[in-house]
Amino acid sequence: MADENRSSLSESLERGASAANTIRGAAKTGKAIAGAAKGAAAGPYGAAAGALWASRKHLGKILCAILALLLLPVLFILMLPGLIFGGLINAFTPDDPTSPILNDSAYIAETAQEISFCVNGVLSEGLEDVYARIEDDFATTDGDGMEVINPYEAAPVYNVNLFISQYCAARDQDFENISLSDMERVLRDAKSQLYSYTRTEETRTSTITDEETGEEKTVTEQWFIYKIIYNGESYFADNIFHLSDEQKSLAGDYAQNLSLFLGDGMFQGLLPDEYKTIVALGDVRFTDGQTEVVYFNQLDEQYANEPYGTDNIGGYGCGPTAMSIVVSSLTDKIVDPVAMAQWAYENGYWCKGSGSYHALIPGAAEAWKLPVEGCTASEPQRIADALSDGKLVVAIMGPGHFTSSGHFIVLRGVKDGKILVADPASYKRSQQEWDLSIIVDEASKRAAAGGPFWIIG
């Protein structure tokens, strides 16, 4: 009888593991976490069992957590990086041993902020390290002076979700050791790899006045110009976390789902005072940038009340509208927001009550055969160069000039050193010129799917 029970348990857990794999596969399509379990043979609790079965060698360490976890949305366990819960084996919040961590959104938010503070601190140390290396390098030259260009002087620029996700993906076989202190140690040990620099040499002339004779003379000096470069999360995946291709894919899934869970840049709905339909704009094209852009507005009365899933385009359709602008401008097809919203819904990019998954941008670009590359906020020159080359750049913005929550816009060109945009929710903002620094600073810090910028064309 005992053998039969063991066999029955093993079979149930193995079915759960199969369900877990089904759910993980669904995550990679960018579909909602809540809907990812559809069709899973053992249901969500079976998926949790499957996750435990896959780690059955460590089952004793997490047995105390099982009762708590079974009361919770177990897909979080499968599809979110464990660091934001303090590691899988930490089932309860420190302040209340009866309250499961997954039920305590305040604790999770505090943990996310603590992680951001930690990453910011290590990156600041990385800047100090690269400054020291620059000074050491200059000391080996016979230069008369040096200048250091630091694009990150105001504050480090980084994607904290990718840091979290890459670290947890690297620990996918060692989950019991996931902790903030361990991630901090890994980053600090590699702080010399966080930033690099380039060096150029130039001759500078200046006029000085001789204090004794009062005569002016020209002085020629050799200067070395150093530019600090943030190596970026893609570099870290290979050289700091040493991720395999499978782990990189897992990290991408983690980052996508973490952006959804924490909500930074994910909620793209307009507030009531922002949601005001406008009269039909007709055929609007912007010709003042490098690329002629076909403009659509989600609040246009032609589109605002049309469906986007069970939501509407006016309130939640900035993503499809942005891609309508891109596809209609860069191909020989005119795809309006209604058609794009329908396509996004049918292909799993609609997020109920929140807008669109970030994966909509590369997904739609690829569907219309447009080259697309993700780009981080630490690469402003790459953005400017792409726009100067006639490409378009989609950005997911956080709170600031463009939105109070999250909002997709299209960067459409450069004019007199300023950025031109096509804002799906504002014709007025689309006619303004913007400092690139504003756009980079206000881009979502938790973007997924390669964001917060996507270069298309």
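The numbering of the sequence shown is this note's numbering, which starts it at 873 and goes up by one. Note that beta-carbon positions come from the ideal geometry of N, C-alpha and C, so glycine has one too. Every value quoted in this text rests on a predicted model; they were computed, and no experiment measured them.
Less than 8 angstroms between C-beta atoms, sequence neighbours within five positions excluded: which residues of the same chain meet that for residue i?
i     : result
I1101 : Y1067, S1068, Y1069 and T1070
F1010 : M1018, F1096 and Y1098
E1088 : T1079, I1080, T1081 and D1082
K929  : Caution applies to K929, whose pLDDT of 44 falls short of 50 and renders its modelled position unreliable; the model cannot decide the point.
D848  : Any property of residue 848 remains undetermined from this structure, which presents the chain solely from 873 to 1329.
L1115 : Q1038, A1041, A1042, A1109 and A1123
I1185 : Q1170, Y1175, A1176, N1177, E1178, P1179, P1192, T1193, P1209, V1210 and A1213
Going by alpha carbons, who is nearest to residue i out of the options?
i     : options                       : result
F1325 : Y1175, E1251 and I1021        : E1251
N816  : E1007, D1001, K1089 and Y1030 : The structure shown does not extend to residue 816, since the chain spans only 873 to 1329, so no value can be given for it.
Y1188 : S1302, S1201 and Y1217        : Y1217
Q1170 : N1049, M1212 and T1090        : M1212
S1228 : K1241, Q1214 and W1240        : Q1214
K1300 : Y1167, G1124 and G1191        : Y1167
S1064 : V1002, L1115 and A1011        : V1002
T1090 : K1099, T1079 and F1096        : T1079
E986  : N1033, Q1174 and E1073        : N1033
R1076 : E1088, K1290, Q1094 and P1234 : Q1094
D1288 : S1053, G1186, Q1304 and S1277 : Q1304
Y1242 : G1015, K1263, Q1253 and C1223 : The question names Tyr, but residue 1242 is Leu in the sequence shown. Checking every option, the nearest Cα to that of L1242 belongs to K1263.
A1239 : G1272, A1249, Y1221 and T1072 : Y1221
S1053 : F989, S1200 and L999          : F989
I1021 : I1311, T1012 and L999         : L999
T1182 : C1190, D1204, T1013 and C1223 : C1223
T983  : G1015, D1014 and S1051        : S1051
F1108 : D1008, Y1180 and V1058        : V1058
F1274 : N1049, E1025, Y1024 and S1298 : S1298
V1244 : D1046, Q1253, W1306 and V1265 : V1265
Are the beta-carbon atoms belonging to residue i and residue j less than 8 angstroms from one another?
i     : j     : result
G1285 : T1163 : yes
A1231 : I1268 : no
Y1126 : C1040 : yes
A1062 : I1112 : yes
Q1038 : E1105 : yes
I843  : P1296 : In the structure as shown, the chain begins at 873 and stops at 1329. Residue 843 is therefore absent and cannot be evaluated.
Q1128 : A1258 : no
L1283 : I1310 : no
Near residue i, which residues of its chain fall below 6 angstroms by C-beta distance, leaving aside the five closest residues on each side in sequence?
i     : result
N893  : Caution applies to N893, whose pLDDT of 43 falls short of 50 and renders its modelled position unreliable; the value that the coordinates give is listed next. Closer than 6 angstroms at the Cβ level, and outside the excluded window around N893, lies no residue.
P1192 : P1209, M1212, A1213 and A1216
A1236 : M1195
T1072 : I1097
M1055 : Y1039
N962  : Because N962 carries a pLDDT of 49, less than 50, the predicted location of this residue cannot be relied on, and no value is offered for it.
So residue i packs on residue j, CB below 8 angstroms; how close in whole Å?
i     : j     : result
I1328 : L1202 : 7 angstroms
I1281 : A1194 : 7 angstroms
A1256 : L1308 : 6 angstroms
R1043 : V994  : R1043 to V994, Cβ: 17 angstroms. No contact.
V1165 : A1294 : 5 angstroms
G1270 : K1317 : 7 angstroms
Take residue i and list the residues in its own chain whose beta-carbon comes closer than 7 angstroms to its own, dropping the five residues that flank it on each side.
i     : result
G1322 : P1234 and G1246
N1103 : Q1065, L1066, Y1067 and S1068
D1016 : E1093, Q1094 and W1095
Q1119 : A1041, A1042 and D1044
N1219 : G1235
C1190 : Q1140, Q1170, G1227, H1279, F1280, P1296 and A1297
Of all the CB atoms in chain C, is at least one closer than 8 angstroms to the CB of residue i?
i     : result
F1108 : Within the model displayed, chain C is absent; a lone protein chain is all it includes.
Would you list, in sequence order, the uninterrupted alpha helix (DSSP H) runs of no fewer than 4 residues that lie entirely inside the region 1175–1243?
1185–1188, 1190–1202, 1209–1218 and 1232–1239
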